[in-house]
Amino acid sequence: MALKKQLSVISYQLSVLAFVALCFLFLIARTDAANSTNVRVRLSGEKDEVRLAVKGAYTIEAIDSDLILKKGANLSEEKVIPAGSGIQLGEEIFKIYGIRVIPKKDAGISVDGKQFRGIIDIIRTENMKLLVVNHIDVEKYLYGVLYHEVPHYWPMETQKAQAVAARTFAMYRKTIMRDKDYDVTSDIYSQVYGGKGSEHGRARKAVDLTKGEVLIFDGKILPSYYHSICAGHTEDASRVFEVDLPPLKGVKCPYCKGARGMNWKASFSYKQMEERLNAYGIKVNGMRDITEGPRDKSGRLETVIIKDAEGIKEIQGFKFRLALGPNMIRSANFTLNITPRGVIFKGKGWGHGVGMCQWGAFGMAKKRARYKKILEFYYPEAKINEINGL
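Taking this note's numbering, the leading residue of the sequence shown gets 2, the next gets one more, and so forth.
(1) Can you find the residues in the same chain that come closer than 6 angstroms, C-beta to C-beta, to residue 290, ignoring five residues on each side of it along the sequence?
(2) What's the gap between the Cα of residue 107 and the Cα of residue 197?
(3) How long is the line joining the alpha carbons of residue 246 and residue 97, rounded to whole angstroms?
(4) Quick one: give me the first and last residue of the alpha helix (DSSP H) that residue 177 is part of.
(5) Taking 8 angstroms as the threshold (C-beta atoms), are residue 286 and residue 311 in contact?
(6) Confirm, please, whether the CB-CB distance from residue 170 to residue 240 is below 8 angstroms.
(7) Closer than 8 angstroms is the cut-off here; do at least three beta carbon pairs connect the region 268-277 with the region 336-344?
(8) Can you find the residues in the same chain that come closer than 8 angstroms, C-beta to C-beta, to residue 87, ignoring five residues on each side of it along the sequence?
(9) Less than 8 angstroms between the CB atoms is what I'm expecting for residue 115 and residue 47, so what's the real figure, rounded?
(10) Going by the CB atoms, is the gap between residue 143 and residue 166 shorter than 8 angstroms?
(11) Which parts of the region 300-383 are runs of the alpha helix (DSSP H), unbroken and 4 residues or longer, counting only runs that do not cross its ends?
(12) By the three-class DSSP mapping on this structure, what secondary structure does residue 28 have?
(13) Could you work out which residue in 305, 329, 298 is closest to residue 267 when comparing CA atoms only?
(14) Residue 377 to residue 336, Cα distance in whole Å?
(15) Whole angstroms is fine: what's the gap from residue 195's alpha carbon to residue 251's?
(16) Where does the unbroken alpha helix (DSSP H) through residue 147 begin, and where does it stop?
(17) Could you check the C-alpha separation between residue 157 and residue 71 for me, to the nearest Å?
(18) Considering only C-alpha positions, which residue in the set 242, 279, 257 is nearest to residue 234?
(19) Just checking: is the beta-carbon of residue 385 within a distance shorter than 8 angstroms of some beta-carbon in chain B?
(20) Can you find the residues in the same chain that come closer than 7 angstroms, C-beta to C-beta, to residue 325, ignoring five residues on each side of it along the sequence?
(21) Can you check whether the CB of residue 215 is closer than 8 angstroms to the CB of residue 386?
(22) Is it true that the CB of residue 185 sits closer than 8 angstroms to the CB of residue 150?
(23) So residue 132 packs on residue 43, CB below 8 angstroms; how close in whole Å?
(24) When DSSP labels each residue in this structure, what does residue 41 get in the three-state scheme?
(25) With H, G and I counted as helix, E and B as strand and the rest as coil, what does DSSP make of residue 133?
(26) What separation, rounded to the nearest whole angstrom, lies between the Cα atoms of residue 64 and residue 122?
(27) Name the two residues that bound the continuous beta strand (DSSP E) containing residue 278.
(28) Using a threshold of 8 angstroms, state whether the C-beta atoms of residue 352 and residue 332 are closer than that.
(29) Pull up the distance between the alpha-carbon of residue 372 and that of residue 90, whole angstroms please.
(30) Does the distance from the CB of residue 226 to the CB of residue 249 come in under 8 angstroms?
(31) Could you tell me if residue 28 is buried or exposed, where buried requires 16 or more neighbouring beta carbons within 10 angstroms of its beta carbon?
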């Protein structure tokens with residue numbers, strides 16, 4: 002009886018282990034879209050509808066369960082829209098908050114006519130809109146980023162420096178966005194990402210040659226901000242972002258001289274400025290005057306001083322720039338020229354100014370600097386490490 006009982010116990014234990022193993026395998030399958038080197042990219046703002054197609058074998062699942070909604074060899078373009086408490090895919094309505102499109106092998110997913118690698122989530126938001134999120138390995142993600150961030154014909158050392166900076170930024174965002182639906186957006190407010198259709202051979206080569214490399218400081222992934230043109234001095238990150246780290250305090254940069262787009266000009270009437278400031282959330286009532294505030298060591302305005310019907314208001318320079326539009330007011334390094342019709346802004350540089358200056362990286366590479374030297378210059382005290390080594 003004792004032996005029989007032992008065998009019975011062993012049989013039960015093996016059954017439990019088998020069940021646990023199955024659960025573990027299921028967990029791996031369900032969390033594949035969130036592995037350690039995957040990033041979640043929001044492909045657009047909230048949308049009323051999404052056009053979805055898959056070229057090749059696929060499975061469509063509910064995001065919050067193992068329920069398979071649809072699978073096949075190909076999916077002709079179908080419309081996805083919010084529907085009551087669920088989502089409508091083609092003619093079918095599913096009582097779920099989101100769908101996950103998983104391609105098999107080399108199948109390609111198309112969202113609104115653009116091709117993407119990886120997995121696609123389409124999520125119904127509380128206000129009956131759709132959010133599209135691309136789950137993709139960071140290396141494949143970078144294939145679709147580099148072409149948009151630096152010209153593909155720039156020196157390979159610039160491309161490689163950009164690859165490391167962009168990879169680091171994506172992984173940094175991943176660490177601070179864990180409780181959100183996405184890590185990065187696909188526009189200028191994170192990193193411009195165009196999917197498979199925007200990949201280029203030289204960009205892929207730069208990514209592959211630096212595979213897994215990220216910048217770290219004090220054992221943590223660095224928020225590796227970068228921008229187009231610093232115009233002589235990069236900005237202290239603490240003036241723009243809630244970050245105060247030695248590698249991001251700003252450096253003198255002689256390498257972006259002659260950059261295309263260095264100098265710029267824009268004009269606004271008082272009414273236009275007031276409208277844009279209010280739309281941004283800075284309350285202005287009856288704007289009457291505007292003057293330059295003090296400048297920091299980089300030459301950028303710390304504040305812009307506005308006089309309106311209610312008195313004097315000081316606005317941080319970088320917020321003023323964002324309010325009026327970052328493609329119009331290209332940097333916070335500008336002067337004001339008051340005219341009868343409003344204000345003419347004359348400035349230099351392009352971007353927030355923090356971290357690596359892309360045109361400066363181009364200039365350094367032209368002087369035969371290697372990518373690690375470029376990164377060392379713009380992010381002093383930071384070190385390069387492997388993602389898997391963190």
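Even glycine gets a Cβ: it sits at the ideal position worked out from N, Cα and C.
For this structure:
(1) 308
(2) 12 angstroms
(3) 43 angstroms
(4) 157-177
(5) yes
(6) no
(7) yes
(8) 94, 95, 96, 97, 98, 125
(9) About 17 angstroms; that fails the 8 angstroms criterion.
(10) no
(11) 318-325, 359-367, 372-379
(12) Residue placement at residue 28 is poorly supported in this model, since its pLDDT is 34, which falls under 50; the coordinates are not used for a value here.
(13) 329
(14) 32 angstroms
(15) 30 angstroms
(16) 147-150
(17) 44 angstroms
(18) 257
(19) No chain B appears in this structure, which consists of one protein chain only.
(20) 269, 274, 277
(21) yes
(22) no
(23) 7 angstroms
(24) strand
(25) strand
(26) 8 angstroms
(27) Premise fails: residue 278 lies in the alpha helix (DSSP H), 271-281, not in any beta strand (DSSP E).
(28) yes
(29) 47 angstroms
(30) yes
(31) Annotation note: pLDDT 34 at residue 28 (below 50); position unreliable, no value reported.
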